[in-house]
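Numbering (the working numbering), first residue to last: 183 to 269. See structure below.
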Amino acid sequence: MKRQSLVVFGLLALSLLGCGDKVSDPEALYQKYLEDNAARQAKLKECSLMSVDEQLKSQTCTIAAKAAAKKGGEDFGRALKGFGKHE
């Protein structure tokens with residue numbers, strides 16, 4: 183009986199670990215990462231230390247990467263507009 187409860191507990195622990203992190207308000211976190219460069223950079227650095235599987239399971243890594251891509255696109259757009267004005 184003790185062995186069976188140990189197996190059940192182990193499976194429960196693995197299922198919790200396998201789910202990755204869950205964010206209660208993804209949109210708020212996304213907005214935070216858009217506005218706060220330091221927080222976004224720190225999260226991306228933390229995510230780069232994880233395995234690819236862990237990164238894919240991590241909702242915060244996905245949100246930080248999405249914010250970085252949007253921010254990078256906005257910065258590139260501003261650079262192009264500024265480049266056209268100098269000619």
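Think of the CB as a built atom: it goes at the ideal place given N, C-alpha and C, for glycine as much as any other residue.
- In or out: Ser-233 buried (at least 16 other Cβ within 10 Å) or exposed? To locate residue 233, count along the sequence shown from 1; it is residue 51. Flag for Ser-233 reads exposed.
- Message: Below 8 angstroms on the Cβ atoms is my contact criterion, and I expect Leu-262 with Thr-242 to pass it. Report the Cβ-Cβ distance as a whole number of Å.
- Response: Locating residue 262 in the sequence shown gives position 80, counting from the first residue. Locating residue 242 in the sequence shown gives position 60, counting from the first residue. Incorrect: roughly 30 angstroms between the Cβ atoms, too far for contact.
- Item | Residue of Glu-256, Ala-251, Leu-238 and Ala-250 minimising C-alpha distance to Lys-204 | Sequence index remark: in the sequence shown, residue 204 carries index 22 (1-based). Lys-204 has its Cα closest to that of Leu-238, out of Glu-256, Ala-251, Leu-238 and Ala-250.
- Task: Look at the Cβ atom of Ala-251, then the Cβ atom of Leu-226, and state whether they are nearer than 8 angstroms.
- Result: Taking the first residue of the sequence shown as 1, we reach residue 251 at position 69. Taking the first residue of the sequence shown as 1, we reach residue 226 at position 44. No, Cβ-Cβ distance for Ala-251 and Leu-226 is not below 8 angstroms.
- Query: So, are the CB atoms of Ala-221 and Lys-214 less than 8 angstroms apart?
  - Reply: For the purposes of this step, residue 221 is taken as the residue at position 39 of the sequence shown. For the purposes of this step, residue 214 is taken as the residue at position 32 of the sequence shown. Contact: yes.
- Query: Using DSSP with H/G/I as helix, E/B as strand and the rest coil, what is Leu-231?
  - Reply: By one-based count along the sequence shown, residue 231 stands at place 49. DSSP places Leu-231 in coil when its eight states are reduced to three.
- Query: Among the residues of its own chain, which have a CB less than 8 angstroms from the CB of Ile-245, if the five just before and after it don't count?
  - Reply: For the purposes of this step, residue 245 is identified with residue 63 of the sequence shown, where counting begins at 1. Contacts found: Val-205, Pro-208, Leu-211, Tyr-212 and Tyr-215.
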